[in-house]
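Q:
Chains as they are written, first to last, in our numbering: chain A, 15 to 128; chain B, 2 to 114.
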């Protein structure tokens, strides 16, 4: 079956530009997560949605980062006025209802800010 | 060969050997653990999970061992193949959380043909 789909796969932005990253989770998955992964590091939690409700955004690095999931399926992570330190891979993951079930990840969007 | 997770992030083995990748965790409240495999340019891929009420769980060619006394998790891969070359992450979920999975730094496994 279809997994988590993310687009674009690669994004190059000039410093100060806004970017929008899209995530299409596994159909029927209630929970959706965004993670940030720096080179050579493990993924770091950014934010969590249960259906359309954003229940935790404590991992977002600054108020330039904004995520939404208006209809409880597709999600968008938006970064305003990008900075070089925003360069990373942004991973989206989804999960079914059970707490003790693994997250299923997409292949990520590699963002490079020049 | 053996890796001590965070301290020795690279493990190199010969094809056909068994691999052991280790992970130390610090949160005694963690009660659910997952191993992920991440190949270059891809997202983390689920391998196997274990709950804290278990000490061992086996999958296809993989075994996860959990030692709660010393807060240690290991992933054993039998008959390692070149396709197993990747970065392996352990991740933990705290009993107090329903969702915030915390990842370790990862171990790079290289399989030599």
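A virtual CB, placed ideally from N, CA and C, is assigned to each residue, including glycine.
(1) Could you tell me whether the region 9-24 of chain B touches the region 107-114 of chain B, using the rule of 3 or more Cβ pairs below 8 Å?
(2) Taking the DSSP output, what are the residues bridged to residue 25 of chain A?
(3) What residue does the beta strand (DSSP E) around residue 43 of chain A start on, and which one ends it?
(4) Out of B:39, B:56 and B:54, state which residue places its alpha-carbon closest to the alpha-carbon of residue 48 of chain B.
(5) From the DSSP output, read off the bridge partner residues of residue 49 of chain B.
(6) In the structure shown, what three-state DSSP assignment does residue 85 of chain A receive?
(7) Quick check: the Cα distance between residue 21 of chain A and residue 104 of chain A, rounded to an integer number of angstroms?
(8) Measuring only the C-alpha atoms, how far is residue 35 of chain B from residue 77 of chain A?
(9) Do you know offhand how far residue 90 of chain A's Cα is from residue 41 of chain B's?
A: So, to answer that:
(1) yes
(2) A:125
(3) Here residue 43 of chain A belongs to no beta strand (DSSP E), and DSSP marks it neither H nor E.
(4) B:39
(5) B:36
(6) coil
(7) 10 Å
(8) 31 Å
(9) 24 Å
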